[in-house]
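Student: Protein chains in written order, with my numbering: chain A, 230 to 596; chain B, 230 to 596; chain C, 230 to 596; chain D, 230 to 596.
Ideal Cβ placement from N, Cα and C applies to all residues, glycine included.
4 protein chains.
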Amino acid sequence: MGGNRLGKIFQVTTFGSSHGRAIGAVVDGCPAGLPLDAQDIQIELNKRRPGTSEITTPRKEEDKVEILSGIFQGKTDGTPIAAIVYNKDVDSSAYEAIKYKPRPGHGDYGWISRYGHYDYRGGGRGSGRVTIGHVIGGAIAKKLLENFNIRIIGHVTQIGHIKAKRVDFNRIEEYTLENPVRCADKKAAEEMEKLILDTKKRGDSIGGIVEVITLGAPAGLGEPVFSKLDADIAHALMGIGAVKGVEIGLGFKVAEHKASEINDEYCIKEGRIRTLTNNSGGIIGGISNGMPIVARIAVKPTPSISLPQRTVDLKSMKETTIRIKGRHDPCICPRIVPVAEATVAIIIADHMIRAGFIHPCNIEIES
Amino acid sequence: MGGNRLGKIFQVTTFGSSHGRAIGAVVDGCPAGLPLDAQDIQIELNKRRPGTSEITTPRKEEDKVEILSGIFQGKTDGTPIAAIVYNKDVDSSAYEAIKYKPRPGHGDYGWISRYGHYDYRGGGRGSGRVTIGHVIGGAIAKKLLENFNIRIIGHVTQIGHIKAKRVDFNRIEEYTLENPVRCADKKAAEEMEKLILDTKKRGDSIGGIVEVITLGAPAGLGEPVFSKLDADIAHALMGIGAVKGVEIGLGFKVAEHKASEINDEYCIKEGRIRTLTNNSGGIIGGISNGMPIVARIAVKPTPSISLPQRTVDLKSMKETTIRIKGRHDPCICPRIVPVAEATVAIIIADHMIRAGFIHPCNIEIES
Amino acid sequence: MGGNRLGKIFQVTTFGSSHGRAIGAVVDGCPAGLPLDAQDIQIELNKRRPGTSEITTPRKEEDKVEILSGIFQGKTDGTPIAAIVYNKDVDSSAYEAIKYKPRPGHGDYGWISRYGHYDYRGGGRGSGRVTIGHVIGGAIAKKLLENFNIRIIGHVTQIGHIKAKRVDFNRIEEYTLENPVRCADKKAAEEMEKLILDTKKRGDSIGGIVEVITLGAPAGLGEPVFSKLDADIAHALMGIGAVKGVEIGLGFKVAEHKASEINDEYCIKEGRIRTLTNNSGGIIGGISNGMPIVARIAVKPTPSISLPQRTVDLKSMKETTIRIKGRHDPCICPRIVPVAEATVAIIIADHMIRAGFIHPCNIEIES
Amino acid sequence: MGGNRLGKIFQVTTFGSSHGRAIGAVVDGCPAGLPLDAQDIQIELNKRRPGTSEITTPRKEEDKVEILSGIFQGKTDGTPIAAIVYNKDVDSSAYEAIKYKPRPGHGDYGWISRYGHYDYRGGGRGSGRVTIGHVIGGAIAKKLLENFNIRIIGHVTQIGHIKAKRVDFNRIEEYTLENPVRCADKKAAEEMEKLILDTKKRGDSIGGIVEVITLGAPAGLGEPVFSKLDADIAHALMGIGAVKGVEIGLGFKVAEHKASEINDEYCIKEGRIRTLTNNSGGIIGGISNGMPIVARIAVKPTPSISLPQRTVDLKSMKETTIRIKGRHDPCICPRIVPVAEATVAIIIADHMIRAGFIHPCNIEIES
């Protein structure tokens, strides 16, 4: 059974695996009238492309996108937008040796349990490489949201024990592009880079936290009871491979607080209703309140490490040991930034249409 | 637009609001052949019923459930199961005074922004009372899962700064029923109760953490890429009103770890494949691996407090102050336990059918 | 597995069976701001109520509707509207004798094959009585559409070999209410009534054709490729129990024509684009063109007849004979009229929101 | 808003337009373990390919399919199967002249009304060419069904006034491949071919009827109330561009009959429950009964004709006349045969999984 689709009206269906022929996405439900070309998607794909620095996997992929449908005379025409990226630098040699030995921390065992027949090369469709589909969908969503002055900004806030200092929301985008770690706090970014390289040398990997902020979203996004905006964001973000937790606003810190300390009180600023604080991260009771929407994800260390690990040989049903070769990221956080942005963008775009802020058929029609 | 449905095959649609005539749920997609009567649902509803101790709201509701359809000769017959609870102890007097003044921390402002016409009495459909629908659906899901030896167990692990010690999974259920806080660590439970009562006296409320454990689920549950088991659990749990964060297994702690420290290595126990540790909380790459599934939620303090708070009068568009009367829980965690259990049960039941472990039409058919 | 829901945004979930406790519907996705009370639904239910004339089943049901949720101060508030009708005049005695003998023309055998455990009393959820759910949903859809000057009108056009003459669209509603057959051609109506009574006397039943016309729908309704307006209408209408065919506009007659004979040419009337003919029945290429939408359904004779019929005893697996007692309609067409209207109304309402003509959250917001 | 997906578990999402870069489909929800290669799809595509005889459009397209994902070592692996066909022989010159003049009988006006920005070249995504997506999805569905001994057979039963005689179900497939009209009655096929060629000479086109038979489907397919098997088949078939009516079994003829004449009585044949007649076309009350499933569609004449027709210039809003050039089929029925087969195959495959007859994850697992 499926599960390869995100969004209810703005729907992104993705396909493809790490070592297959191509990876792609079909975006159905994008209104007509949106100016869009391959370059809009390419820019976002370049942000997640591997091999761009010392701290990412050495796999070399150009990740050049090709749009197959849905654009007419430079604009979306309301029909599905299909876009693909061919896999080029495929090296499956390392995987034959371990095809019956599930790698600790990887989804191999679950996939085998579920499907029986499993593409074990590079993790198959369980690979991080499938997030190309997220990014294609997200690039289109971002372009759509830009037309409504909504911006989605991701950045790394923690790697291992190193935590970034909070930076003004409007500067994050600029700052994160300046370093390979995608952290807006320069000093922390340097330390993080060192930590990642150090971890890499030891054949290990390290986790971290990524934050995604949405600026400009109106109050009123989110459907009660089971399709709350934060629920849909949590769903989408938890769908990214390495994510083990999602929180909104203060997140897990709310457990330690009293309501009198963290309730966001209302005020009027420049004629608009705002809150004095934003502990709720822009979403209360599942509906946006017009403040910045703040979501954070816990990203586990890439499970592929070259150190020896215990596992089981599924053929002989005996315990054994593996060492994982292949090419991997010592810390996936920097490359998850554009993926998390894309993912949130899809959800916000979807809810903008669902709530009637964007016309479902053509963005030029007043909604 | 809707959003009042949970699950893809085992689908729970809920309706009703805090001060309306009734609250209920329709469960569509439950296979035929499951023995079920009103008492099965009533037992679960009683766990979340208000007015049962000093630390819950004094609102008195019997919450007696009535099944309207879907049961024939004591068993489900594959048709939708509708069940309702009539609201009895409705007191809307406190809400007239604040109908144009959104309460800090509550969804009022979002609901008004979205729907214009809003039932402000007791939070309307944004009230915690709507979780009666979750519990109805969850009770049926639990009954279904019991037939497949799957148990869902919730407990409070933290209130304010007080953290419970870890208890053997098999004892949690028994222990939590012994105290009103629903904490399995007796000593912590006593401290938590004191803290809640103390907070209540001050007209304030306090947050906490609830954990839900699923025992007995097979490996192979969860659909890649966008309907991963953890993603669907996160989605469902984040859909509970006061929840601001969801994590699986180690959760946010993964950020601080190296893969070599937390990868769950495989071994063989009693002829079955298991992992030596369970840092991943039973789900890797979005698919269950046969280990206990462990999810935790961050529950914010009930925003309704009697202390004065700043807000805005939406009619005059001037800043003002409110004091919230009405009847409220000083800590919602204990009553969220059965709701969180129900929510997880719905997702697991749904995925059991989606993965082919439970026959979609009749549980007596071998699957 | 489910299947008890109609519509994508305006969603109607129904429940209940012929001899169970209650029958009802939950409408999720109706925008806020629509004035609605029980009487709006009751009027439509009364049109399909049994026992109102010689040509319907003698089962006496008041079919009094009770709204449980979704209305606040006389208007919808955007939350799910649940409404129920309790079954009163239940007489299951006739069914015990035939519980292992599937009735020819009835769904019994399919239900047993599918679900194993089957409520055989009065056809269970396969009974025509479940269309109460359709009518509840349709009554709300009709009320919504009225606000946008869209009217849905059904009438009987054929019973047996007797065909009604075409009547001006604007007079159909008035004329059909004048006779129990719901046929707008008075002369044909009289003949039809005679034919039905004659058929009834012989212990038999007769089929017919019902047409549903939608006036006032704008051009632009319908989603390509797999959710065309006519496809969704066909789906919904074929979902009514006794329907064996659906056609739009000229329908099956197109097979005998050349394009030059039946293409609807465009013209301008009162400043608006219209077609000179309406052979396409208001839908071309799956999208409405602003002309009246015309759908017709083939309704089979009620399979319950008192004449002896061959069947099989499922317990002994031997061939046998049955005579069906119980209370039945000699011709279901007149009572299908309000059901078919309701069904089409749900689809049109759903597509009006999906196409952006009705705001998804509140009808008072300009769309 | 979307609408480019068919099926609930076995889901086919299609994309692409007549004169765009490519046309394709993504099949999500096909179980793992099914042997599949490009040739399986190519065989079906060849059946609908244009330019193969005098009676089809002269557009020359190789329609060579390329599989991008979802196959590993010659078998499906449970991940989405994406397949595309590049458009080659694109000639858009004829369309510039008529871009503001909606063609009678074509969807142009609806598309413009709905999306504003519309790809008018060759009908864009409203073109019959998009049924390549249906056929890709259907080819995979057919392959899946073959494993369960289910066969889908389509044939032309009427062109204009010429009706084919009924032929033994098991011979239809063989006979239809012998003539370009795809009619199993050889004599009628010859007359039909003459009629089509004659119509073509006059610059006109002609309609007809296509029947699709499903052999080997078990009893128990179809979900009450709103996802009945016949409702889903009607929905899918009505989604094919030129279809104006769908009927099951006797179809519209039921209107003229009494129940005593057409009720299918049960009997036992070779130890299995069967019906003596099959007037219901294998589906009663929305659920299959194990007999052959028989569906028929009314196909309108291709609206593109070279004769002059009245229309409106949307720019000047004045009435005008057009003559349609381009390349078109004088009768679309023969080429609709494989499309209708594909469409029914998708629905049957979907329902086989939904009803638990095919395991959702791997076909080799006993279901």
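Is A:F424 close to chain B? Criterion is C-beta to C-beta, closer than 7 Å.
Tutor: Here residue 424 of chain A is Leu; the residue named in the question, Phe, does not match the sequence. No, no contact with chain B.
Student: Can you find a CB in chain A that lies within less than 7 Å of the CB of D:G585?
Tutor: no
Student: Can you confirm whether the stretch 527 to 537 of chain C touches the stretch 567 to 574 of chain D when touching is taken to mean that 3 or more C-beta pairs between the two stretches lie within less than 8 Å?
Tutor: Short answer: they don't touch.
Student: Would you verify that the beta carbon of C:T308 is, or is not, closer than 7 Å to some beta carbon of chain B?
Tutor: yes
Student: Name the chain D residues that come within less than 7 Å of A:I361, Cβ to Cβ?
Tutor: The contacting residues do not exist; A:I361 stays about 12 Å from chain D at best.
Student: Using a threshold of 7 Å, state whether the C-beta atoms of C:V439 and C:C562 are closer than that.
Tutor: yes
Student: Would the beta-carbon of C:Y347 fall within 7 Å of that of B:N591?
Tutor: no
Student: Taking a cut of 7 Å between CB atoms, which residues from the stretch 327 to 346 of chain A lie near chain D?
Tutor: From the stretch 327 to 346 of chain A, only R343, Y344, G345 and H346 have a Cβ closer than 7 Å to chain D.
Student: Less than 8 Å between the CB atoms is what I'm expecting for A:R278 and A:E290, so what's the real figure, rounded?
Tutor: 6 Å
Student: Against chain C, does B:N376 count as a neighbour if the rule is that its beta carbon must be under 7 Å from one of theirs?
Tutor: no
Student: Between the C-alpha atoms of B:D579 and B:L458, what's the straight-line distance to the nearest angstrom?
Tutor: Taken atom to atom, the span from the alpha-carbon of B:D579 to that of B:L458 is near 10 Å.
Student: Cβ of A:P532 less than 7 Å from any chain C Cβ?
Tutor: no
Student: Relative to the C-alpha of D:V541, which candidate in C:G500, C:G366 and C:G280 has its C-alpha closest?
Tutor: C:G500
Student: On the CB-based measure, 16 or more other CB atoms within 10 Å of its CB, does A:N492 come out buried or exposed?
Tutor: buried
Student: Kindly list, in the order they appear in chain B, the residues whose Cβ is closer than 8 Å to that of D:P589.
Tutor: R583, A584 and G585
Student: Assuming A:D414 and A:K430 form a contact by the criterion Cβ under 8 Å, report the distance between their Cβ atoms to the nearest whole angstrom.
Tutor: Actually they do not touch by this definition, with Cβ atoms about 24 Å apart.
Student: If you drop the 5 nearest sequence neighbours on each side, which residues of the same chain put their C-beta closer than 6 Å to that of A:D292?
Tutor: L274, R278 and V314
Student: Whose C-alpha, out of C:G389, C:L426 and C:H363, is nearest the C-alpha of C:G171?
Tutor: Since the first residue of chain C shown is 230 and the last is 596, residue 171 of chain C is not available in this structure.
Student: Could you check whether the Cβ of B:F244 sits closer than 7 Å to any Cβ belonging to chain A?
Tutor: no
Student: If I follow the unbroken beta strand (DSSP E) through B:H384, where does it start and stop?
Tutor: That run of the beta strand (DSSP E) goes R380 to I388.
Student: For B:V483 versus A:K392, is the C-beta distance shorter than 7 Å?
Tutor: Cβ atoms of B:V483 and A:K392: not closer than 7 Å.
Student: So which residues of chain A does B:F455 contact, with C-beta pairs closer than 7 Å?
Tutor: G232, N233, R234, L235 and G468
Student: Start and end of the beta strand (DSSP E) containing A:T504?
Tutor: Where A:T504 is concerned, the enclosing beta strand (DSSP E) starts and stops at R501 to T504.
Student: Please say whether A:V241 and B:V359 have beta carbons closer to each other than 7 Å?
Tutor: No, these two residues do not count as a Cβ contact at 7 Å.
Student: Sorted by chain position, which residues of the same chain lie with C-beta nearer than 8 Å to B:G280's C-beta, five sequence neighbours on each side aside?
Tutor: Closer than 8 Å at the Cβ level, and outside the excluded window around B:G280, lie T286, P287, R288, K289 and E290.
Student: What residues of chain C sit near A:I594, judged by a beta carbon separation below 8 Å?
Tutor: G585
Student: What is the DSSP secondary structure of A:S322, counted as helix, strand or coil?
Tutor: helix
Student: Apart from the five residues just before and just after A:K372, which ones in its own chain have a Cβ nearer than 7 Å to its Cβ?
Tutor: Result list for A:K372: L263, L265 and D269, in chain order.
Student: Rounded to whole angstroms, what's the CA-CA distance from D:H464 to B:M546? Just pull it up for me.
Tutor: 51 Å
Student: Have a look at C:M467, C:K544, C:A524 and C:I497 and flag the residue whose alpha-carbon is nearest the alpha-carbon of D:G514.
Tutor: Looking at the Cα atoms, C:M467 is the closest of the given residues.
Student: Near B:D433, which residues of its chain fall below 6 Å by C-beta distance, leaving aside the five closest residues on each side in sequence?
Tutor: The residues are I534.
Student: Is there a C-beta anywhere in chain A that falls below 7 Å from the one on B:R395?
Tutor: no
Student: What residues in the stretch 243 to 270 of chain C bring their beta carbon closer than 7 Å to a beta carbon of chain B?
Tutor: So the close ones are F244, G245, S246, G249, R250, A251, G253, V255, D257, G258, A261 and G262.
Student: Short of 6 Å in beta carbon distance, which residues of its chain neighbour C:I576, apart from the five on each side in sequence? Order them along the chain.
Tutor: D461, I462 and A465
Student: Looking at A:G253 and A:G245, is the spacing between their C-beta atoms short of 7 Å?
Tutor: In terms of Cβ geometry, A:G245 and A:G253 form a close pair [threshold 7 Å].
Student: To the nearest angstrom, how far is the alpha carbon of A:E375 from that of A:S282?
Tutor: 29 Å
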